[in-house]
Structures are given as C-alpha cells and as structure tokens.
Amino acid sequence: MPDFIAQWLNQNDIFTAMTLMEYWDGLVTTVHLVFLSLVIGLLVAVPLAILRTVRNPFVSGPVWLYTYLFRGTPLLIQLYIIYYGVAQIPGIQDTFWWDIFKEPLYPALLAFTLNTAAYTTEIIRGAIAATPYGEIEAAKAYGMNWFLRLRRIVLPSAARRAVQAYSNEVIFMLHASAIASVVTIVDLTGAARNIYSRFYAPFDAFIFVALCYMALTFMLVFAFRKLENHLLRHQKPVSS
Amino acid sequence: MKKLFAAASIALTMAAGGAQAQDQNLRIAFDVPYAPFEYKDDNGELTGFEVELADAMCEEMEANCEFVIQAWDGMIPGLLARKFDLIMSSMSITPERAERVLFSEPYYITPGGWFAHDSFDTDVTDMDAMEGKTVGVQRGTTMDTFVTENMGGVVTIKRYTTAEDMALDLEGERLDVVFVDYPVGEQTILNKDGFKEAGEPVKLGQGVGVAMRKRDADLAEEVNEALATLKEDGTYDAIMQKYFSYDIKM
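Heads up: the sequence lines are chains A and B, in that order.
FYI, the numbering for the first sequence is 4 to 243, going by our numbering.
FYI, the numbering for the second sequence is -18 to 231, going by our numbering.
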C-alpha cells in the first residue's frame, strides 16, 4: 500500500471500521433492492411488451396507460405515494397488508419494480416492433403459429436489439435507487447521509459513496459487454 | 476639498462616538415570520418572544433600539456589513458561526420533545421497556445524536429529512414514538387529535444567543449583563410564560 494512503487511513476520523460497516450494509441493501426490482420488473415487462404490440386496443390500451403513467411521473413521487399514501388508507393498519407495507422495503421494492417494468416494457416493445417483416412472413410460410413465431423468431431477435438500451435502464435504476433513503431505508446513499450528518463532512461521505456507485456501475457495464458479445457475435466482422 | 471632507467625517465620527457613550443606538435584526419567536400581529406590529425580550433588554441597557427585518440568508453578512448591530432571531450557537460572529450567553433553548399516539404508555427513559421500539428523529439534529448515543442498541432508529414525513409515519403507526424539537412537534404532531407528549422534554445543544460583531466585545458584555438581570428579576419568566407552555430558559 502506498505510504500516503496508509498515512491518510491512520489520520482520518471518518472511515473507521464502524462507518465502513455502515457503508457495507448500505451496499448490500442497495444491491438487494435493485437486483430484485430489476428481475421482477423484467419478468413483468416481457408479457406486457407483447400485449402492448397486440392490435386490439382493449389489450394494448391498458398497458399503454400503465407505461405512460409510470414513465410520465418522477420515481420519487411514485415512492411517496406508495409509501406515505398507503399508510393513509383508513383501517389499513388492521389488515394483513400492513405487515407488508409497514416496513419501508416493500413499498420501495414495489415502486422501483413498477417503474423499471414500465421503462423495460417500452424498450422491449420497440425492439419487437422493429422486427423485420420478412422474418415474420418467412415464419408464417413455414406454418408456425403465433406463439411459435413469438418464441422462435420475434423474442430472440428483439432481445438482441433491446439489450443495449436495457443496460442503460439497469444503470439508471441503480442510480435512481438512491432515493430509497427518503423513506428511511439505509441504502448506500442513506448510509452516506447519516455519516455526513454525523461528521459534517460532505466531501468525504459523498465522494466515497460516489466511488461505490461507480464500482457497481463498472461491474454492470462489464457484465453487459460480455452479454452483448455473446448475443451479438453474429454481427462481428468475420476476420478479427 | 478632499482634506476638508476627511476632517469633517472624522469630526462626525467622533461626535457620533461621543453620543453613543451617553445614549446607545442599537439596531436589532429579526427574520419574520417565525412564530412565536418573532412575527407580525394582526395590526402589523412586530411581536413575539424574542421581540419582547429585546425590548426588555434595551430598556435594561438604556439603549435606543430600532428593529430591523432581515431575511435569514443575509443575517450574518448584514451584521458584518453594519446594517444592524445585533441579531436576536433564534440563531443557535454553533462553532462554525462562532468563528464569524460573537455570541452572548445563551438566552433560550428549545428542548427536544417526545411525542406518540395516546395509546403509547411506555416510559421513554426506561431502556428495558423501550427495547425493540421504533423511534423517529430528524437526521443530523441534536435529537438524533441524543437517541443514537443513549439508545443506539436498544431501539430501532429511523431518520427523516423533514418533520412532516416523520409525523406522517407516526400517524401511520410505522413509528412508536418521535423525538423532535419541541415547537416543531407541537405544530406538526400535537395539533392533531390522538397524540400526546410521551415524556419529559430534554434540553440539548448549546442554545440560542445574541449575535454581534467580533469587535463589539464591550457591547456583548452589556448584553450579557442585561440578560442576566432579566433572567433573575422575573421579567424573562413573565415573557416566556406568555408564549410557551414549557421551559425554554437557559
């Protein structure tokens, strides 16, 4: 370890084992929250995107309305409505719902999931809509029914087109999760705010947490590059 | 011409200095509205706890006082730029501020208050009974530090940015009890039905002082003397009881 880092570590009052543990717990909470909302969001988004491309307006209309509402309002407002709004429903404290909504984790998870599902739905819908019509005609000529066409032709090629836009959504979601701290969740940002207010040292507390987010983002970018290389390897030049 | 002007201004300054010795002219700044400390009543007259205390203090010091309204952001710059001589606008004494201004002895402190639902019947000072309860505080306040240091491992602490959010979570039964600046709790929690004070208020922090320019050490001495007299002779208590149902004396 270079001398100046060792020296700095010995001198500082802020980054003790205790505060580093707080950051670590925050990191675990952030990863937990973002991972769950992305997985559930993606599982919800795929069927919704398919429904969204159906011609019947009674099927695609509600999905359009949902994505419009959740993309048209800030995530912070959605979180406020779900967390504080639900607690205002008369009598909710006496029902089993309260066990779920009492702790801040589930309202936050619900808000994040609904939000990311709305964006992901639109990303996948765009990718589905961009399927070359010739591929579908060819599939029809082979006698494939709607479901088989979807499974074999439309979704795999849509996934390839969507993956780059989706990697952005994943990174945005990681950064958007910073607002979880407004509903008392001690995620990475919550830990940083607690430490900032304890030591009145905004630079140290927030620069450290920014580095944590950067490290997470770097890992995500790396993972998505691997995934893209795998999915899009047919687009690579042959000789290289 | 220039010399003449300089001489005249020196003479004027000296005259003013001479006059000050007999009959002091002081300008005191307030940021309104901050009820009940300083606000304008229905007739537009400036009043409130700190305004009345300032009045009594001026009388004690035999000074001619003029009250100035100044927005909070410009308080300390305005003082340093000599737009006024004293700040009596609920300015808490902090080390950061004390580097730029001179504080008198503290003249009041708002205690932290415990607030909860009427059904809450736990003694907040009994650590065994408080085990496992959820306590709400505003992040980074003296109340936060108090709860973190004294009840850290015993209760679950939830930290909020605004008192309104915290009041909502108390109302929604996500919190068992809230520990917040008493006047804030009075306005956001006690004003609703079904809530009560859940324990004795606790005085925390260094309190609120009169702020002056660093060079005005003589003035600070006079202010301290006047405040000490008011606290002793009952004037302070009379004014305090007019505005508060709890003790803020310091």
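Built from N, CA and C at the ideal position, the CB exists for glycine as well.
Taking its Cβ as the centre, do 16 or more other Cβ atoms sit within 10 Å of residue i, making it buried, or is it exposed?
i: residue 317/B; result: Chain B is shown from -18 up to 231; residue 317/B falls before or after that span and cannot be answered.
i: residue 27/A; result: exposed
i: residue 2/B; result: At residue 2/B, the pLDDT of 46 sits below 50, so the modelled position is not reliable; the number obtained from the coordinates is stated separately. It counts as exposed.
i: residue 149/A; result: exposed
i: residue 9/B; result: buried
i: residue 222/B; result: exposed
i: residue 50/A; result: exposed
i: residue 217/B; result: buried
i: residue 7/A; result: exposed
i: residue 123/A; result: buried
i: residue 74/A; result: exposed
i: residue 157/B; result: buried
i: residue 200/A; result: buried
i: residue 71/A; result: exposed
i: residue 45/B; result: exposed
i: residue 164/B; result: buried
i: residue 233/A; result: exposed
i: residue 121/A; result: buried
i: residue 143/A; result: exposed
i: residue 155/B; result: buried
i: residue 50/B; result: exposed
i: residue 145/A; result: exposed
Under the three-state reduction of DSSP, which class applies to residue i: helix, strand or coil?
i: residue 94/B; result: strand
i: residue 117/B; result: strand
i: residue 192/B; result: strand
i: residue 47/B; result: strand
i: residue 24/B; result: coil
i: residue 43/A; result: helix
i: residue 68/B; result: strand
i: residue 73/B; result: strand
i: residue 237/B; result: Look at the range of chain B in this structure, -18 to 231, and you will see that residue 237/B is not part of it.
i: residue 235/A; result: coil
i: residue 185/B; result: coil
i: residue 229/A; result: helix
i: residue 176/B; result: strand
i: residue 160/B; result: strand
i: residue 137/B; result: strand
i: residue 89/B; result: strand
i: residue 213/B; result: helix
i: residue 221/A; result: helix
i: residue 84/B; result: strand
i: residue 19/B; result: strand
i: residue 2/B; result: Unreliable positioning characterises residue 2/B in this predicted model, as indicated by a pLDDT of 46, which lies under 50. A coordinate reading is not provided.
Expressed to the nearest angstrom, what Euclidean distance is found between the alpha-carbon atoms of residue i and residue j?
i: residue 151/B; j: residue 200/B; result: 46 Å
i: residue 232/B; j: residue 77/B; result: Outside the modelled stretch of chain B, which goes from -18 to 231, sits residue 232/B, for which no answer is possible.
i: residue 207/B; j: residue 68/B; result: 15 Å
i: residue 116/B; j: residue 77/A; result: 29 Å
i: residue 91/A; j: residue 40/A; result: 24 Å
i: residue 239/B; j: residue 71/B; result: The first residue shown for chain B is -18 and the last is 231, placing residue 239/B beyond what the model contains.
i: residue 268/B; j: residue 220/B; result: Because chain B is modelled from -18 through 231, residue 268/B falls outside the range shown and cannot be assessed.
i: residue 123/B; j: residue 22/A; result: 19 Å
i: residue 125/A; j: residue 59/A; result: 17 Å
i: residue 172/B; j: residue 83/B; result: 37 Å
i: residue 84/A; j: residue 117/A; result: 13 Å
i: residue 215/A; j: residue 15/B; result: 41 Å
i: residue 43/A; j: residue 80/A; result: 21 Å
i: residue 4/B; j: residue 37/B; result: 16 Å
i: residue 35/A; j: residue 79/B; result: 44 Å
i: residue 94/A; j: residue 88/A; result: 13 Å
i: residue 11/B; j: residue 179/A; result: 40 Å
i: residue 1/A; j: residue 172/A; result: Any answer about residue 1/A is impossible in this case: the structure gives chain A only from 4 up to 243.
i: residue 226/B; j: residue 197/B; result: 35 Å
i: residue 209/B; j: residue 6/B; result: 21 Å
Check whether the region 137 to 145 of chain B touches the region 99 to 107 of chain B, counting contact only when three or more Cβ pairs, one atom from each stretch, lie closer than 8 Å.
Verdict: no, contact absent.
Would you call the region 166 to 183 of chain B in contact with the region 85 to 97 of chain B, where contact means no fewer than 3 C-beta pairs closer than 8 Å?
Output reads yes: the region 85 to 97 of chain B touches the region 166 to 183 of chain B.
Across the region 185 to 195 of chain A and the region 96 to 109 of chain A, are there enough close Cβ pairs to call them in contact, namely three or more that are closer than 8 Å?
Touching, yes.
State whether the region 43 to 61 of chain A contacts the region 189 to 198 of chain A, with contact taken as three or more CB pairs (one from each stretch) at a distance under 8 Å.
With the cut-off at 8 Å, the region 43 to 61 of chain A and the region 189 to 198 of chain A do not touch.
Unbroken stretches of the alpha helix (DSSP H), 4 residues or longer, contained in the region 50 to 83 of chain A:
List check, alpha helix (DSSP H) in window: 60 to 75 and 78 to 83.
Threshold first: 4 residues or longer. Then list the alpha helix (DSSP H) segments lying entirely within the region 95 to 164 of chain A, N to C.
Counting only runs of 4 or more, we get 100 to 104, 108 to 132, 136 to 144 and 149 to 152.
Can at least three beta-carbon pairs, one atom from the region 163 to 173 of chain A and one from the region 223 to 240 of chain A, be found at a separation below 8 Å?
Touching, yes.
Flag this pair as touching only if the region 151 to 159 of chain A and the region 206 to 220 of chain A have three or more C-beta atom pairs under 8 Å; answer yes or no.
Under the three-pair Cβ rule at 8 Å, the region 151 to 159 of chain A does not count as touching the region 206 to 220 of chain A.
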